[in-house]
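Line order of the protein sequences matches chains P and D.
Per our numbering, the first sequence starts with residue 109, numbered consecutively.
Per our numbering, the second sequence starts with residue 132, numbered consecutively.
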Amino acid sequence: MLNVSIYRYNPEVDSEPYMQDFEFDTQGKDIMVLDVLEKLKIEDPTLVFRRSCREGVCGSDGMNISGKNGLACVTPLSSVVKKNKLVIRPLPGLPVIRDLVIDMSQFYAQYEKIQPYMINDTPAPAIERLQSQEERAKLDGLYECILCACCSTACPSFWWNPDKFIGPSGLLQAYRFLADSRDTATEARLSNLDDPFSVFRCHGIMNCVQVCPKGLNPTKAIGHIRDMLMRTAT
Amino acid sequence: MVTNVTSLGRSGLSDWLIARVSAYVMTAYLIFIVGYLMLTPELSYTQWAALNSSLPMRMFSLLTILSIAAHAWIGMWCVLTDYITVRLIGPKATALRIIFQLGMIAITLLYVIWAIDILWGI
Chain P
109 MLNVSIYRYN PEVDSEPYMQ DFEFDTQGKD IMVLDVLEKL KIEDPTLVFR RSCREGVCGS
169 DGMNISGKNG LACVTPLSSV VKKNKLVIRP LPGLPVIRDL VIDMSQFYAQ YEKIQPYMIN
229 DTPAPAIERL QSQEERAKLD GLYECILCAC CSTACPSFWW NPDKFIGPSG LLQAYRFLAD
289 SRDTATEARL SNLDDPFSVF RCHGIMNCVQ VCPKGLNPTK AIGHIRDMLM RTAT
Chain D
132 MVTNVTSLGR SGLSDWLIAR VSAYVMTAYL IFIVGYLMLT PELSYTQWAA LNSSLPMRMF
192 SLLTILSIAA HAWIGMWCVL TDYITVRLIG PKATALRIIF QLGMIAITLL YVIWAIDILW
252 GI
């Protein structure tokens with residue numbers, strides 16, 4: 109039997125959070141962490157977590173699994189069970205609403221700050237704005253972000269200053285628009301980032317790279333933003 | 132854009148650049164001093180005093196001291212704005228952080244002045 113320890117907190121009932129232990133029979137199968145949670149929820153319907161697509165696309169079930177942030181739906185037990193024990197906590201650094209569900213307002217507020225949409229003040233062409241294959245290739249490794257928040261909530265700089273530091277996820281998205289040949293607001297975007305917090309709170313410890321379930325590299329994108337700031341600086 | 136008046140260069144890019152350049156200066160100084168000591172096993176006081184009272188060495192030492200001061204300023208500013216914040220310890224954090232920041236800046240500047248006094252007093 110697998111020992112599963114889950115963070116529980118219902119602010120309407122509990123005075124403080126606690127860890128609840130469950131016994132789970134995997135029947136020898138290497139299933140995903142989400143499958144375990146789903147089955148435990150049948151046993152205890154008060155257990156609360158977010159999930160939707162169950163295939164690593166929607167980014168809903170980001171959580172801290174045996175000490176490392178990841179998506180429960182694409183994390184097999186074999187990669188996280190240590191000494192027959194699985195420990196599941198909510199993503200760290202953001203307020204807990206209940207059990208494994210966190211309040212992501214601060215995360216989204218940072219995402220909103222970087223204006224995550226195309227800005228182009230030139231007249232729109234009849235059909236679409238074209239890009240060369242090389243220009244399009246620059247967006248690879250950037251557009252795939254699903255905003256699961258695994259990276260930003262693994263980042264100490266984001267833990268201490270979630271209101272000021274954009275965080276790896278937001279910065280990856282910021283670079284996605286800075287790198288887009290169709291976007292004309294590069295200068296304005298960069299000037300919004302050149303302060304001691306927004307980008308430069310990144311000290312390059314690469315926790316974000318280590319946990320990203322999509323295999324993206326926010327640290328590299330942040331390095332590109334720094335280079336762009338350096339080039340435009342006088 | 133987030134602003135802050137107690138960071139060294141007022142801009143993230145400027146602080147970042149100063150931190151990198153000062154790190155190179157400190158590394159170069161360390162390599163030079165360790166190298167010098169290793170290549171001069173029987174170092175006499177006269178030799179050591181002559182080295183440190185020469186103008187180029189004084190300039191190099193002063194540059195290193197300024198680098199340490201700038202590096203420490205940026206680093207300490209980061210640490211203080213990480214941990215002494217209203218989010219973490221409540222409304223008294225701002226006053227407390229300003230006191231720590233100004234104290235840190237004062238101590239750093241005093242060390243620089245003291246170091247200049249030592250260097251030019253050799």
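Glycine residues also receive a C-beta, built at the ideal position from the N, C-alpha and C atoms.
Residue i - partner residues in DSSP beta bridges
i	result
Leu199(P)	DSSP, once it has assigned bridges, lists no residue as partnering Leu199(P).
Gln128(P)	Ile114(P)
Arg140(P)	Sequence inspection shows Met at residue 140(P); the Arg mentioned does not correspond to that position. Paired residues: Pro184(P).
Where residue i sits in the DSSP three-state scheme
i	result
Pro326(P)	helix
Val307(P)	coil
Asn183(D)	helix
Ala200(D)	helix
Gln214(P)	helix
Lys223(D)	coil
Arg147(P)	Position check: residue 147(P) holds Lys in this sequence, whereas Arg was assumed. DSSP places Lys147(P) in helix when its eight states are reduced to three.
Val156(D)	helix
Met109(P)	coil
Expected contact under 8 Å - CB spacing of residue i and residue j to nearest Å
i	j	result
Arg159(P)	Cys181(P)	7 Å
Met338(P)	Leu298(P)	The pair is not a contact, with the Cβ atoms about 10 Å apart (cut-off 8 Å).
Ser138(D)	Trp208(D)	5 Å
Cys258(P)	Gly164(P)	11 Å between Cβ atoms; not a contact.
Ile173(P)	Val141(P)	6 Å
Met314(P)	Thr294(P)	Between Thr294(P) and Met314(P) the Cβ distance is about 26 Å, and since that is not below 8 Å, they are no contact.
Asp146(D)	Phe308(P)	6 Å
Pairwise C-alpha distance: residue j and residue i
i	j	result
Arg284(P)	Ser113(P)	38 Å
Asn118(P)	Asp211(P)	14 Å
Gly167(P)	Cys256(P)	4 Å
Asn269(P)	Thr239(D)	25 Å
Ala217(P)	Gly278(P)	9 Å
Lys272(P)	Gly252(D)	45 Å
Asp303(P)	Thr212(D)	14 Å
Leu182(D)	Thr195(D)	16 Å
Asp138(P)	Pro233(P)	52 Å
Asn110(P)	Leu145(P)	The sequence shown places Leu at residue 110(P), not Asn. Cα-Cα distance, rounded: 12 Å.
Ile215(D)	Ser265(P)	13 Å
Leu241(D)	Ile249(D)	12 Å
Lys223(D)	Pro203(P)	22 Å
Ala200(D)	Met188(D)	18 Å
Gly275(P)	Thr158(D)	30 Å
Lys193(P)	Arg116(P)	17 Å
Asn325(P)	Cys161(P)	23 Å
Interface partners of residue i on chain A, CB under 9 Å
i	result
Tyr214(D)	Chain labels in this structure do not include chain A; the protein chains are P and D.
List in chain order: all unbroken alpha helix (DSSP H) runs of 4+ residues lying wholly within the segment 159 to 209 of chain P.
-> Considered as a whole, the segment 159 to 209 of chain P harbours 185 to 188 as its complete alpha helix (DSSP H) runs of no fewer than 4 residues, in chain order.
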